[in-house]
Each structure stands twice: as structure tokens, then as C-alpha cells.
Amino acid sequence: MLRPGRASPGVAPGAVVTPAGTADRGRTVQRDPVRILLIHNWYRERGGEDTVVLTEIDLLRQDGHEVTVFDADSSTITTLAQKVSVALTMAYSTGVRQRVREELERVQPDIVHVHNVFPLLTPSVFDACAAAEVPVVLTLHNFRLLCPAATCMRNGHPCVLCAETTVLNAVRYRCYRGSIPASSAAAWMVALSRYRGSFEAHVDRFVALSEFGRRLFVRAGLPADRIDVKPDAVRDPFPDGSPPAGAERGRHALFLGRLVPEKGVITMLRAWRHVPIPLRVAGAGPLDARVRAAEAASGGRIRYLGFLPQKQVSEELRTASFVVVPSEWYEGFGVVIAEAFAHGVPVLASRLGSIDEVVADGRTGLLFSPGDSVDLAAKARWLARHPAQREAMGRVARREFEQKYTLQRNYELLMAIYDRALATRRDRLAAAHPADGG
């Protein structure tokens, strides 16, 4: 399950990643290379977070930084014995701590960048980094530090009980996988980490994906002065040109994402009973049967595409009139919004959490009340009937992408965060060892 020293999927264990060129972004290396140990637990079902991690690895490679990855893969948890073992060790693993120590000794990184440690790597990685006195950056892709289920959602509505009171609420309401044993294991991990101060004591810089997320983490007790905001980035699908003009686009809406209740899929399907413009649905998940049933009853207005590789996702975005993001939970960022903006496509999204930081109502799309299928249907009909305004929103969305969500901008923000992490670590070491400085 654990694979220390893997530079990335498809790279030999322990390999040091060398520069792969920077022609795609039109710039050269302008700073000394940084040696990075990147720590990540891949998800059972690959999703947006894993994609972001891979993109960031490539981004660092292309500027000549040395990247080694210490990782684990949740898809390897298949037997009952493995599941029991994971439940017993997800709060802390001395074995993982030792392996990370060995990897730190071997790699001698300038900085450690942690993305996800749940459930196989565990917060024990932070103790290993602290012992080595190496600077640590932690990207807060989700809300697991606040919520054992990582969703901040209960009974279809946003919930921050565990962040503001006790994680026992997660056990009481069976928030993780609908199971008391699973919820207990996840809650114990969060509770133990809070008690030991694993994150506050050992992480030099936290990376939130939005100002909304930053505020939520501060409310839960993370140090405000050590949380930076860096939204996710996506590749430019038109590096040598412009997105298709309105005349070249189709006349349909597009949904991209996992087919799960928290993504607002059911609300969207209800709304589309009253929307004349066709809807194309790309994704996979537990609600795929509901989508197929809606497709069969729609008279051709709804088309289920299933899971699509990235190339086909881009092709769908090139022809969409607008993208629907009906989320009913607190998205960390919502990378599909950045993908839509990159393609010059406006977004119809729920007014919830970080989303209304990204989608400017009336400028880059429209916002509707989360979970309100009537409001969603009304806004979708408006977009369908106002092509000139819709195309203007798409142009503004594209400019927003160019200013905020390109790989170039992401790299600049990431390097600034690394610099701050190095400075924070120097200050903390000086405070801990005052005699060493004089």
C-alpha cells in the first residue's frame, strides 16, 4: 500500500525528477532549484485533488525543481483485513513515521509539501518532518481537519458542528460512510491530531484554496498568520489562440463532476424538467442510475455521457453554452469552474461557500440558491434566452482565467508560499534554539 520515494505515477521509485522544459508556458527557470519531498495519499477513485497534485508535480518539474514523492494508494485497500488494519492505524502510524524519516534522510529535501495523508499515511508524517526540522507546507484540499467526513455536510446541508464543538458529532450522526465504526475511526484521527497539535505545531504554511476556506479554518483554530490562499490552476486549452466564438458553440448546458448528492445532481435533474435547453452530463458515481432514468424520461433533452477522459472534457467545454455547478456542500475550490473559464464558458452555480468568490454573479455567470431547483431552472432559462449576454460573460470569464488561474500564476503563488515556509521555519528554529544564534 505504501510506495516511498515514487517520483510520480510511472516514474521509478526514488527517482529525482529532472527538468522537462518550459516551452508550454513560455518562460525559463529564474530561481535556484528547490529539492521537494511531496507526500500524498491517492484516492480510491481518482478525482480533482489527485489531478491537481499531478499538475503541480509537472509544474515544478518544468522549472527544474527536484521532486520526489512519498505516497500511498487507497485503491489497494481491498480485503476486510486491510480495512480493519487501516481503521486501527489511520489516526497514527509509527511505521509510516519511520519510513518518512528514512526518506527524509535519503532525499534531504529543502521543503516537504503534504497534500493528503488520509487514510494510509496518517498525521504521523508531521512528527517525522518535525524531527528533521524541515519546512512543511500543507495544502488544505478538503475540510478533514475540521470534519471527519471531510465534507462539512450532514443530511444534505452544510454543517460545521465538529469544527466548532466536538468530533463526537460525526459518530453520533454516522457522518463518514454512514457507519459508526468508520465514523469513530475518522473522528479519532481528527481528535488525536487536535489534542497533539500535529498541524499547528509542525506545519509552517497552510494553503487554503479560497478566502472562504481560510476563514473556516481560522474559526476552527488554525493560525491565521500561517494560512495562504492559492486557488487551483488548470492548463490553458488555447495557448496559441482564443476560445470559440458564440456562433461556434452548441446550444446546450454541461455538467462535469462526480454523480453524488453533495454535487447537487438531484436538484439539477429536477430543474431540467422545466428547462428547454439540452443538458449533457459527464461523470460517474452512485447516482448514475438516477441520471440514466432522467435521460430516458427527458425526451432527448438530457444526455448522459459517463466518465470522460480530459481530452473529451475539453471538447465538451468547447461546444457548451454554459456549465452547471449545482453543489450543495462547501467546495474546496471547484476546479471545474476554472476549466470552464479557461474555455471562455460562463458558469451557472449555487451561491455557497467559495463558489461565489469565483463566479461573479452577472459577470462570469449566474448564481442560484443552493438546493433550489426552481431558481436553478429560472436562471438556466435566462441564460438560454440571452445569447449575447451569455457570450459577454464567457469573455469576462476567460479574462478571469488569464489573470488568476493559469499555471504561470499558480507557480508564482506556490514559490512565494515556499519562500514564506522557509522563512517561517528559520524564525521558529531561531526561537526554539536562541543560543545557536549568538
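Here numbering that gives the first Met the number 0 is used: the first residue of the sequence shown is 0, the next is one more, and so on. Quick reminder that beta carbons are idealized off the backbone N, C-alpha and C, glycines included.
- Taking a cut-off of 8 Å on C-beta distances, the segment 203-212 touches the segment 128-140, as three or more cross pairs fall below it.
- The segment 138-224 contains, as complete alpha helix (DSSP H) runs of 4+ residues, the segments 160-163, 167-171, 179-195, 197-201 and 210-218 (chain order).
- In the same chain as Gly333, and ignoring 5 residues on each side of it, the C-beta atoms closer than 8 Å to its own belong to Val324, Ser326, Ala348, Ser353, Ile354 and Val357, in chain order.
- Here Arg176 is exposed: its Cβ has fewer than 16 other Cβ atoms, across all protein chains shown, within 10 Å.
- Ranked by Cα distance from Ala283, the options Val259, Phe211 and Trp271 are led by Val259.
- In the DSSP assignment, Arg34 is bridged to Glu65.
- Annotation: Arg248 to Ala396 spans about 16 Å, alpha carbon to alpha carbon.
- Phe340 sits in a helix when the DSSP states are folded into three classes.
- Within the model, the alpha-carbon separation for Leu382 versus Arg96 is close to 53 Å.
- For Val106, the uninterrupted alpha helix (DSSP H) segment begins and ends at Thr93 to Val106.
- Linking Leu375 to Ser313 through their CA atoms gives a straight-line distance of about 24 Å.
- For Gly393, the enclosing alpha helix (DSSP H) begins and ends at Pro386 to Lys403.
- Within its own chain, the residues whose Cβ lies closer than 7 Å to the Cβ of Leu304, once the five positions on either side in sequence are excluded, are Arg279, Val280 and Ala281, listed in chain order.
- Taking the C-beta atoms as reference points, Phe367 is found no nearer than 8 Å to Pro345.
- Under the 8 Å Cβ criterion, the segment 227-240 does not count as touching the segment 252-272, having fewer than three qualifying pairs.
- In the DSSP assignment, Val264 falls within the alpha helix (DSSP H) that extends over Val264 to Ala270.
- When the alpha-carbon of Gly220 is set against those of Ala131, Ile301, Leu413 and Phe142, the nearest one is in Phe142.
- Here Asp355 is not bridged, per DSSP, to any residue.
- With a threshold of 16 other beta carbon atoms within 10 Å, Asp239 falls short and is exposed.
- Annotation: the continuous beta strand (DSSP E) that includes Ile110 extends over Ile110 to Asn115.
- Positions of the beta strand (DSSP E) runs, each at least 3 residues long and wholly inside the segment 264-326, are given as 278-281, 301-305 and 321-324 in order along the chain.
- A check of alpha carbon separations from Val68 across Arg105, Thr88, Leu412 and Ala391 identifies Arg105 as the nearest.
- For Pro243, the CB contacts under 6 Å within the same chain, skipping 5 residues up- and downstream, are Arg317 in chain order.
- Only exposed fits Ser241, as fewer than 16 other CB atoms lie within 10 angstroms of its CB.
- At the C-beta level, Ser372 and Ala270 come within 8 Å of one another.
- When the alpha-carbon of Arg30 is set against those of Ala127, Met414, Ala430 and Ala186, the nearest one is in Met414.
- According to the DSSP assignment, Asp227 belongs to the beta strand (DSSP E) that extends over Ile226 to Val228.
- Residue nearest to Asp426 within the set Glu132, Arg408, Val124 and Val111 is Glu132 (criterion: CA-CA distance).
- Under the three-state reduction of DSSP output, Phe367 falls in the strand class.
- The C-alpha of Glu390 is placed about 46 Å away from the C-alpha of Ser182.
- In the three-state DSSP reduction, Ala348 falls in the strand class (E or B).
- Cβ contact annotation for Ala90 (same chain, cutoff 6 Å, sequence separation greater than five): Trp187, Met188 and Leu191, in chain order.
- Following the DSSP letters along the chain, one finds Ala431 inside the alpha helix (DSSP H) bounded by residues Leu406 to Ala431.
- Secondary structure at Ala90: coil, using DSSP grouped into helix, strand and coil.
- The residues Ala337, Phe340 and Ala341, in chain order, have a CB closer than 7 Å to that of Phe400 in the same chain once the five nearest residues on each side in sequence are set aside.
- Relative to the Cα of Arg43, the nearest Cα in the group Thr50, Ser74 and Leu58 belongs to Ser74.
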